[in-house]
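Those letters in the sequence shown? Residues 1 to 53, by UniProt numbering.
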Amino acid sequence: MFSKELINYTKSTLKESKIDIQIKTIVKKVKEKSVVLQIPNKSIVEVPCGMVL
C-alpha cells in the first residue's frame, strides 16, 4: 500500500494537470477517438480522448 502522503501528492499533481482518474471502472471498448466505459453504477459512458495508455 502507498502512503497517504504519496497518494495525496499524486492526486494533487494529476488534478493540476487536468488528468481525470477513473477507479472501479471497466473499459468496454477502445475506439479511435474515445473510450467506452462502464462506471460503478453500471451505466455506459463514452469519453473522448486524444491518447490511451
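Backbone N, C-alpha and C define an ideal beta-carbon position, used for all residues, glycine too.
Item, Value
"Spatial distance of Pro48 from Val36 (CA atoms)", "9 Å"
"Selection from Leu53, Glu46, Ser3 that minimises the alpha carbon distance to Gln38", "Glu46"
"DSSP state of Ile26 mapped onto helix, strand, coil", "strand"
"Contact belief for Lys28 with Ile44 at Cβ below 8 Å, rounded distance in angstroms", "7 Å"
"Span separating the alpha-carbon of Glu16 from that of Gln22", "16 Å"
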